[in-house]
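Single-structure report; data block below.
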DNA sequence: CGCATCATGTAAGCTGTTACATGATTAT
DNA sequence: ATAATCATGTAACAGCTTACATGATGCG
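Chains as they are written, first to last, in our numbering: chain V, 1 to 167; chain Y, 1001 to 1167.
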């Protein structure tokens, strides 16, 4: 049930409407913890019912800005520090990689090449983001995460290239 | 709906019972595409109904060994080569990393240290597997995957150590 | 004989996706 | 005007987890 804590975490950064949260999930968490508005709105309702968040402001178009309550802040900290993380992951690309040895050489090459193109494209996006942050000169904790992404992509990229060479 | 194709892929490697598949998911796919027997048995039933797998042998204790049909082999190849991969992933550790900047320094350090310990432990397991494969001297396509895992873990490990230094 | 392992299934509940539905405000 | 964007919700369905349930076979 990490959606709940993802929302608490985003609200700790700044009070937001469900709409704001939806956008943040899309731009910052899309590759880590995707969530759509149809999940977010009901979850905000449950969190409010549980006393972990509250409406701090009502704006135009019936928008409701939520913020954390003290109980919400406690719960977020408890989860981050005390709960044993769920390390399981589900990643279709890994599954595909696991199965590609079954394919004849030609097919395998085309699958690996497609993956390589995708990883390189992702890298380019991350590098652009890094450069933006650097230019802006802000001390963004997000920069480190972007950097991790770039490094991981580099390793995967190199591995895929090697596999292509050998296939 | 990758479970279906994961099963087809494993059956392409070798005919298996639901029980065999469950073990393979546990040992080889646990970190990529977890699945438990309560999902696997019904899915085998559906795949049989769709004509993609068939019972090739009946053993003691009512065990049924399934193998791919020609249609199953076609579907597996089609999926691997022609279907655009679903690149989405869901990874709680990434979410936690994203949120740790919210924590006071002490808490953040303990969270990072816990992650680092976990990654190093995973690395050790993978290195042991690599050594085993090397000793056995078999030409295992799985070896390359293990190697990828080791390299990715190295990068993450180094990143976590840096973050710890800076926190 | 008793325990571990092999072997297969079902059911309830939770989580997540896709589609449906509606309406207000702002910019062109 | 009208299109884009802001803004919030619900419903149906698919997928996954946890727990329940049962029985056969092999080993010590």
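The C-beta atom is built at its ideal place from N, Cα and C for all residues, glycine as well.
In this text the structure is predicted, and so the values were computed from the model without any measurement.
Residue 1115/Y sits buried, since 16 or more C-beta atoms from the chains shown fall within 10 Å of its C-beta.
Boundaries of the beta strand (DSSP E) around residue 1065/Y: 1064-1068. Taking a C-beta cut-off of 8 angstroms against chain Y, the contacting residues of the stretch 89-113 of chain V are 89, 90, 91, 92, 93, 94, 95, 96, 97, 98, 99, 100, 101, 102, 103, 107, 110 and 111, listed in chain order. Restricting attention to 1043/Y, 1158/Y and 1005/Y, the CA atom closest to the CA of residue 1019/Y is found in 1043/Y. Note that the C-beta distance between residue 1120/Y and residue 86/V is not below 8 angstroms. For the pair residue 144/V and residue 10/V, the Cα-to-Cα distance works out to about 18 angstroms. One Cα belongs to residue 1107/Y, the other to residue 1048/Y, and the distance between them is close to 52 angstroms. Under a criterion of Cβ atoms nearer than 7 angstroms, the residues of chain V adjacent to residue 1006/Y are, in order, 95.
Against chain V, a Cβ distance below 7 angstroms from residue 1031/Y picks out 89. Secondary structure note for residue 92/V: it is in no beta strand (DSSP E), and the uninterrupted alpha helix (DSSP H) holding it is 92-99. For residue 154/V, the uninterrupted alpha helix (DSSP H) run begins and ends at 141-166, by DSSP.
Contact annotation: residue 65/V and residue 16/V have beta-carbon atoms nearer than 8 angstroms. Residue range 53-58 is occupied by the beta strand (DSSP E) that includes residue 58/V. Secondary structure note for residue 107/V: its alpha helix (DSSP H) is the uninterrupted segment 105-136.
Between residue 1152/Y and residue 155/V, the C-beta gap is smaller than 8 angstroms, which places the two residues in contact. Taken atom to atom, the span from the alpha-carbon of residue 1057/Y to that of residue 26/V is near 48 angstroms. Residue 1113/Y is a Cβ neighbour of residue 1164/Y, given a cutoff of 8 angstroms.
Sequence-distant partners of residue 1033/Y (beyond 5 residues in either direction) whose C-beta falls short of 6 angstroms from its own C-beta, in its chain, are 1006. Here DSSP, grouped into helix, strand and coil, assigns residue 88/V to coil.
Under the three-state reduction of DSSP output, residue 1038/Y falls in the helix class.
Within chain Y, the C-beta atoms nearer than 8 angstroms to that of residue 163/V come from 1144, in chain order. Of the candidates 1124/Y, 1029/Y and 1037/Y, 1124/Y places its Cα closest to the Cα of residue 1150/Y.
Considering only 1012/Y, 1039/Y and 1013/Y, the residue with the shortest C-alpha distance to residue 1022/Y is 1039/Y.
With respect to chain V, the C-beta atom of residue 1044/Y has no partner C-beta closer than 8 angstroms. Of all residues in the stretch 1009-1041 of chain Y, those with a C-beta nearer than 9 angstroms to a C-beta of chain V are 1009, 1010, 1012, 1013, 1028, 1029, 1030, 1031, 1032, 1033 and 1034, reading in chain order.
In chain order, 155, 156, 158 and 159 make up the part of chain V whose C-beta sits under 9 angstroms from the C-beta of residue 1151/Y. When the Cα atoms are used, residue 50/V and residue 1102/Y turn out to be separated by approximately 22 angstroms.
Counting C-beta atoms within 10 angstroms of its own C-beta, residue 1082/Y has fewer than 16 neighbours from the protein chains shown and is therefore classed as exposed.
Closest by C-alpha distance to residue 158/V, out of 1148/Y, 1089/Y and 1084/Y, is 1148/Y.
Cα atoms of residue 1055/Y and residue 1142/Y: separation of roughly 27 angstroms, rounded to the nearest angstrom. Counting every other CB atom within 10 Å of its CB across the protein chains shown gives residue 1134/Y a total below 16, marking it as exposed. Beta-bridge analysis with DSSP links residue 28/V to no other residue. Per DSSP, the unbroken alpha helix (DSSP H) holding residue 1010/Y starts and ends at 1002-1013.
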